[in-house]
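Numbering (the numbering used here), first residue to last: 96 to 381. One structure is given here, and the rest of the page talks about it.
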Amino acid sequence: MGFIASFTGYLTPIFLVLSPILSYSDQAYSMHRNKSSAGFSLDIPLIMLVASLCRIFYYPGARFDIALLAQSVVMVVIQVILLKIALDHRPAPASKGGDGAVPFARVNDGFWERARPYGFWQWRSPKPYWQFILSLFIGLTVCELILGPMRGIYPTYSAFIGYAGLSIEATLPLPQIMANAKLRSCKGFRVSVLASWLAGDAMKMAWFFTASTQIPLAFKICGIFQAACDAFLGVQYLMYGNGQPEVIKEHALADWQGNPGPYSDTVTSGRETITGRRTSSVERKM
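The structure is reproduced here in structure tokens:
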């Protein structure tokens with residue numbers, strides 16, 4: 096037991112700090128190389144940026160292990176780069192005057208992809224995405240400066256943003272789980288990402304419960320939930336494999352088979368680019 100604790104105590108912090116790079120660098124390079132972010136869900140940077148920023152501002156109140164703070168900082172940097180590449184290489188509009196074939200531009204079906212209030216995180220211009228991230232950072236900074244000196248309120252506030260951030264991060268696998276179940280296929284979901292998630296979960300669980308440094312309960316609870324979700328993703332991969340999905344959709348998290356609309360002829364995946372578009376019957380008449 097002492098050997099395991101020593102091993103995880105040295106190796107896990109290093110792995111945690113590097114895990115954002117190991118998990119998402121291949122995705123970023125693939126989109127940059129293919130000049131297309133078709134198949135990539137912009138909800139991933141949203142979830143990870145919000146969660147990581149909350150974790151960073153949770154640190155002054157919780158004083159958890161410095162490796163977890165470093166991981167959050169690295170994650171913010173990686174997700175900003177990932178979001179920039181995804182926005183720069185969104186697919187061009189599918190037709191003149193029509194909705195652009197951009198992630199979430201026109202999907203109205205499905206729990207995860209239906210139209211959101213005020214079009215949140217479905218904007219066609221890149222500017223609102225950066226405005227939201229900057230506003231969140233400024234808001235958390237202002238709250239930290241105002242509530243920090245209030246010793247009667249600050250511990251509750253700090254615990255709230257800590258649990259909120261970790262809970263948001265723990266939901267990351269849920270859209271993929273639901274998409275896999277709907278399609279009965281894991282096509283487009285990278286085995287390398289799944290392997291890195293499972294390896295990270297195993298190391299985190301061992302470290303969280305054997306570390307001599309401070310690991311808040313919030314990390315342990317949310318870590319267990321996320322590990323269970325990642326394990327279920329592994330079960331789905333064994334069940335469904337990486338074969339052709341039953342219903343072809345524009346990206347891995349889309350859920351619009353009930354009303355595919357004019358975009359049903361476009362086939363993309365997380366590693367593929369849009370190579371062409373069939374001419375609709377309306378266009379042929381024109």
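The beta carbon of each residue, even a glycine, is placed where N, CA and C say it ideally should be.
| Query | Result |
| --- | --- |
| Give the secondary structure of tryptophan 225 by DSSP, where H, G and I count as helix, E and B as strand, and everything else as coil. | helix |
| Report the rounded CA-to-CA distance for phenylalanine 152 versus serine 307, giving the unit in angstroms. | 23 Å |
| Using a Cβ distance threshold of 8 Å, determine whether the region 313-325 contacts the region 258-273, with at least three qualifying pairs required. | yes |
| Compare the beta carbon distance of phenylalanine 135 and alanine 181 with 7 Å and say whether it is the shorter of the two. | yes |
| Is the distance from the Cβ of methionine 300 to the Cβ of threonine 107 below 7 Å? | no |
| Mapping DSSP to helix, strand and coil, what is alanine 306? | coil |
| For leucine 186, count neighbouring Cβ atoms within 10 angstroms of its own Cβ and tell me buried if that reaches 16, exposed if not. | It should be pointed out that residue 186 corresponds to proline in this sequence rather than to leucine. It is buried - the Cβ of proline 186 has at least 16 other Cβ atoms within 10 Å. |
| Rounded to whole angstroms, what's the CA-CA distance from alanine 290 to valine 145? Just pull it up for me. | 24 Å |
| Since I believe alanine 133 is in contact with isoleucine 176 (beta carbons under 8 Å), could you give me their beta-carbon distance rounded to a whole number of angstroms? | The pair is not a contact, with the Cβ atoms about 18 Å apart (cut-off 8 Å). |
| Name the residue from Leu278, Ala313 and Cys317 whose alpha carbon lies nearest to the alpha carbon of tyrosine 332. | Leu278 |
| Can you name, in chain order, every residue of its own chain whose Cβ lies under 8 Å from the Cβ of phenylalanine 320, other than the five neighbours on each side? | Ala265 |
| What's the C-alpha gap between proline 250 and phenylalanine 232? | 20 Å |
| Within 10 Å of its beta-carbon, does tryptophan 225 have 16 or more other beta-carbons around it, so buried, or fewer, so exposed? | exposed |
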